[in-house]
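Visitor: Before I ask anything, let me first share the structure, which is written out below as structure tokens.
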Amino acid sequence: MIRTMRRVRVMGPRRELERTLRVLQDLGSMHLGTPPRLPALNPSPTSRREQRLVRQLRTLVADAETARSLLALPLPPAVATGAAPDPAPWASWARQARRLRRGAEQLRDRRQRLEEEQALLGKYREMLNAFAGLFDAGGIPAAVRAYHVVLRPGQAAVVEPLRQALAEALDSAFELRTRTLSAGDTALLLLVPLPRAGRVERLLTESGVQEVPLPSGYERATAAEALPRMRVRLEALPALLDEVESERKARAAAAAEVLPPMLAAAQDAISRLEAVGLAASTRTAFVLEGWVPAPDLPALGEALRERIGPEISVEELPAAPDVGAPVVLQNPRLFRPFQLLVEMLPLPTYGSIDPTPFVAVFFPVFFGLMLGDIGYGLAMLVLGVFLHRRSRPGMPLHAVAQIALVCAVFTIIFGVLFGEFFGDAGRRWFGLHPLLLDREEPEDIVSFLVLCIGIGGVHVLLGLVLGVINAFHGHKRQALGRGLSAVMILLVIVALLAALERLPAQLLTPAVVALLVAFPVLVIAEGIVAPVELLATMGNILSYARIMALGTASVMLAVIANRLAGAMGSVVVGAIFALLFHLVNFALGLFSPTVHALRLHYVEFFGRFYSPGGVRYRPFTHWRTH
Amino acid sequence: MQIFWITLSAAAAIGVPALATAWAQSRIGPAAAASLAEKPELSTTVIVMLAIPETMSILGFVVAMFIMLRAGG
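Taken in order, these protein sequences are the chains called A and B. Per my numbering: the first sequence = residues 6 to 631. Per my numbering: the second sequence = residues 73 to 145.
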């Protein structure tokens with residue numbers, strides 16, 4: 006059901022507007038409406054000072070959020086807002102938030118630099134080790150130029166031609182050593198006399214090999230100088246990163262005391278300043294209008310008079326037809342998870358019917374009729390229990406788990422009625438027999454189709470009745486039209502059953518006569534489109550045949566999966582194939598019935614009565630962290 | 073010969089609507105993806121939109137089954 010709302014007007018001295026908003030924020034029950042339009046009242050524009058304050062508060066919030074995110078500081082589930090000093094030290098908080106943000110950004114930059122350096126030096130590690138081995142063997146004299154080269158696997162062939170070219174050019178006055186790296190690369194060290202360096206560089210270029218560029222900060226050093234330094238640096242980097250992490254933890258611990266209350270106070274202040282724009286005022290008085298849940302109205306008046314004074318007036322207004330009350334769905338605990346399915350569509354308008362209880366009854370029935378298998382139902386039950394334990398109350402996943410559990414129970418119930426346990430495995434293993442229908446038998450498939458269309462007829466007729474109730478308060482003519490449609494559908498069903506001799510044949514003529522009489526009345530009540538609507542409604546009822554189609558497809562796939570087990574030759578291979586096939590069928594069995602049960606509700610059922618467009622109830626309250 | 077025509081009729085009863093469904097969903101799919109990129113909150117509407125053309129296949133399946141059942145009877 007939709008919670009009953011009361012339209013209220015709060016009036017008081019202009020100077021008390023700020024305090025009134027504070028009280029309303031503490032109470033957290035009033036949904037503020039647009040500024041009231043009354044003679045002699047003007048909208049309450051925020052002053053320049055207030056606008057500047059809002060800008061500063063937004064900067065404070067942005068700084069605090071950035072610092073919080075960089076310091077990886079989680080927000081507590083509830084932040085105590087009452088502890089904030091009044092007036093709040095905004096200027097000092099803003100400076101503090103800025104300092105925290107800058108400190109956190111510097112820490113982030115430092116960590117990034119260290120990580121990048123570690124990654125870069127890590128790439129050189131293996132090559133360094135190879136070259137380090139070469140140096141240990143000989144050492145490099147001062148008058149010698151050393152070249153460090155890494156050859157890709159395909160380039161190794163250039164070593165011998167290069168050696169010959171060097172021998173010709175330098176007359177054996179060089180040293181060339183190679184080592185193979187793990188990835189197939191070849192590390193190459195070339196030592197030549199310093200005066201011959203220019204010639205050697207030309208030879209290297211002609212051979213298509215390049216010296217390894219050293220990392221930033223080591224460019225001016227020779228590799229002989231750079232390599233030991235790099236190794237030392239690589240060994241030192243983890244400790245430096247640990248140091249940064251320790252500093253982050255220390256800063257986060259210090260900020261944990263300050264940031265959440267600061268954020269909450271700033272967000273609350275922004276909300277209050279924005280709410281000023283929703284008041285209308287004269288020079289001396291202000292007026293606020295909005296909506297409060299009916300049970301909370303007395304507490305609102307008492308709290309305002311107690312905390313502000315008797316000059317505050319709280320008045321209940323008659324609900325204006327052109328001002329829609331905000332909508333909040335409130336259902337018994339059993340139906341509450343199914344609100345999720347209704348809230349996936351735009352909310353119903355205030356005063357219309359909340360379809361949640363009907364969805365809670367029909368959705369699991371449709372799902373169970375389609376899947377209808379004890380084995381799949383048990384698997385779904387396990388999945389539902391797992392999701393239920395992994396989620397917290399209030400989370401959408403928790404509601405999904407609860408819906409899954411109810412659907413699983415109905416799947417098992419229909420599984421028993423259809424005698425299905427992973428298709429026909431129950432019959433083969435322990436002689437399970439259907440109690441209602443055998444969905445593998447052709448005669449029963451027809452009965453199943455009739456059952457599904459019958460349920461569809463009931464569902465759509467219920468929708469039409471709800472449509473009559475919905476329209477009765479406002480559009481009497483529409484209500485009459487919908488009522489007539491419902492009656493005519495009943496008459497069509499009676500006429501068809503009488504023609505097929507499922508009902509006494511004497512009923513056929515009266516049903517047809519009644520249809521002929523009702524038809525012009527329907528056209529007068531709802532216009533020329535009414536007959537088309539009626540045909541569409543009949544089509545909607547036939548659409549429930551999908552329950553039978555999906556159910557039959559599901560059981561056939563399960564039977565095929567079981568037959569695969571015997572058709573593979575090997576029992577093990579057959580069992581694996583059967584298991585995989587059942588897994589696919591289970592996944593399909595979760596998805597298809599959900600989508601089609603939803604569609605039957607959203608299109609066939611809601612289409613008869615649902616009036617979307619309700620405004621969500623958003624009480625003016627304190628900032629929440631979740 | 074009769075069994076050939078019965079089987080062909082059943083195949084056509086499910087095959088033609090399946091092709092029509094595929095064509096309709098091929099038009100809805102890209103539009104749905106584009107809508108979701110801009111408004112992720114439309115996901116429910118999109119799923120329902122995609123399920124609407126499936127009615128053709130489902131009714132085709134029902135008709136095909138009736139053809140086969142009657143032939144069997």
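Just so it is clear, CB atoms sit at the ideal spot from N, CA and C, and this is done for glycine as well. Remember, predicted model here, so these are calculated numbers, not experimental data.
#1: Looking at the structure shown, is A90 (chain B) part of a helix, part of a strand, or coil, going by DSSP?
#2: So is L350 (chain A) in contact with chain B if we call contact Cβ pairs under 8 angstroms?
#3: In or out: Q74 (chain B) buried (at least 16 other Cβ within 10 Å) or exposed?
#4: Taking Cβ to Cβ, would you say F610 (chain A) is nearer than 8 angstroms to G468 (chain A)?
#5: Report the three-state DSSP secondary structure of V370 (chain A) (helix, strand or coil).
#6: Could you give the distance in angstroms between the alpha-carbon of G461 (chain A) and the alpha-carbon of F367 (chain A)?
#7: Does W98 (chain A) pass the burial test, meaning 16 or more other C-beta atoms within 10 Å, or should it be called exposed?
#8: What residues of chain A sit near V120 (chain B), judged by a beta carbon separation below 7 angstroms?
#9: When DSSP builds the beta bridges, which residues end up paired with G108 (chain A)?
#10: So, with DSSP's three-state summary, where would you put A148 (chain A)?
#11: Tell me where the alpha helix (DSSP H) around R434 (chain A) begins and ends.
#12: Can you tell me which of A:L156, A:E165 and A:Y223 puts its alpha carbon nearest to the alpha carbon of D190 (chain A)?
#13: Taking C-beta pairs closer than 7 angstroms, name the residues in chain A that A123 (chain B) reaches, listed in chain order.
#14: Can you list, in chain order, the residues of the region 427 to 455 of chain A whose Cβ is nearer than 9 angstroms to any Cβ on chain B?
#15: Taking Cβ-Cβ distances shorter than 9 angstroms, what residues in chain C pair up with M128 (chain B)?
#16: Might you give, ordered along the chain, the residues of its own chain that have their beta carbon closer than 7 angstroms to the beta carbon of H242 (chain A), omitting 5 neighbours on each side?
#17: Closest to Y355 (chain A) by C-alpha separation, out of A:L334, A:R341 and A:A365, would be which residue?
#18: Can you determine whether any heavy atom of the ligand MN sits closer than 7 angstroms to the C-beta of T64 (chain A), and answer yes or no?
#19: Cβ closer than 7 angstroms: which chain B residues qualify as neighbours of S548 (chain A)?
#20: Measuring only the C-alpha atoms, how far is V463 (chain A) from L76 (chain A)?
#21: Of all the CB atoms in chain A, is at least one closer than 8 angstroms to the CB of T93 (chain B)?
#22: For the region 542 to 569 of chain A, which residues have a CB atom closer than 8 angstroms to at least one CB atom of chain B, in sequence order?
#23: Counting only beta-carbon atoms, is T116 (chain B) nearer than 8 angstroms to chain A?
#24: Assign G571 (chain A) to buried or exposed, taking buried as 16 or more other Cβ atoms, counted over all protein chains shown, within 10 Å of its Cβ.
#25: Mapping DSSP to helix, strand and coil, what is R487 (chain A)?
#26: How many angstroms separate the CA atom of V465 (chain A) from the CA atom of E70 (chain A)?
#27: Determine, using beta-carbon pairs with one atom in the region 486 to 495 of chain A and one in the region 521 to 541 of chain A, whether at least three such pairs fall under 8 angstroms.
#28: From the DSSP output, in three-state form, read off L186 (chain A) for me.
#29: May I have the straight-line CA-CA distance separating F586 (chain A) from G579 (chain A), to the nearest angstrom?
#30: Per DSSP, I450 (chain A) forms a beta bridge with which residues?
#31: So what's I317 (chain A) in DSSP terms, helix, strand or just coil?
#32: Answer yes or no: do F419 (chain A) and L605 (chain A) have a C-beta to C-beta separation smaller than 8 angstroms?
#33: Could you tell me which of A:Y223, A:Q30, A:L199 and A:V589 sits nearest to A308 (chain A), measuring between CA atoms?
#34: Confirm, please, whether the CB-CB distance from L539 (chain A) to M573 (chain A) is below 8 angstroms.
#35: Using the beta-carbon count (16 or more within 10 Å), is D359 (chain A) buried or exposed?
#36: What three-state label does DSSP hand N336 (chain A) in the structure shown?
Guide: Here's the rundown:
#1: Three-state DSSP puts A90 (chain B) in a helix.
#2: yes
#3: exposed
#4: yes
#5: In this structure, V370 (chain A) counts as helix in the three-state DSSP scheme.
#6: Straight-line spacing of the CA atoms in G461 (chain A) and F367 (chain A) works out to 10 angstroms.
#7: buried
#8: L603, R604, Y607 and V608
#9: Answer by DSSP bridge pairing: none, since G108 (chain A) is not bridged.
#10: coil
#11: Checking the displayed sequence, the identity of residue 434 (chain A) turns out to be Trp instead of Arg. That run of the alpha helix (DSSP H) goes A430 to F435.
#12: A:L156
#13: V600, H601 and R604
#14: P447, E448, I450, V451 and L454
#15: Checking the listed chains, one finds no chain C in this structure; the protein chains it contains are A and B.
#16: Before going further, note that residue 242 (chain A) is Leu rather than His in the sequence given. Apart from sequence neighbours up to five positions away, the residues of its chain that approach L242 (chain A) with a beta-carbon distance below 7 angstroms are L119, E122 and Q123, ordered along the chain.
#17: The shortest Cα separation from Y355 (chain A) among A:L334, A:R341 and A:A365 belongs to A:L334.
#18: Of ligands this structure carries none, so the ligand MN is not represented either.
#19: T127
#20: 58 angstroms
#21: No - not a single Cβ of chain A is within 8 angstroms of the one on T93 (chain B).
#22: L547, S548, A550, R551, M553, A554, L555, T557 and A558
#23: yes
#24: exposed
#25: R487 (chain A) carries a helical assignment under DSSP once its states are collapsed to helix, strand and coil.
#26: 51 angstroms
#27: yes
#28: Correct three-state label for L186 (chain A): coil.
#29: 10 angstroms
#30: When DSSP reads this structure, I450 (chain A) sits in no beta bridge, so it has no partner.
#31: coil
#32: no
#33: A:Q30
#34: no
#35: Around the Cβ of D359 (chain A), a 10 Å sphere holds 16 or more other Cβ atoms; the residue is buried.
#36: Coil, per DSSP.
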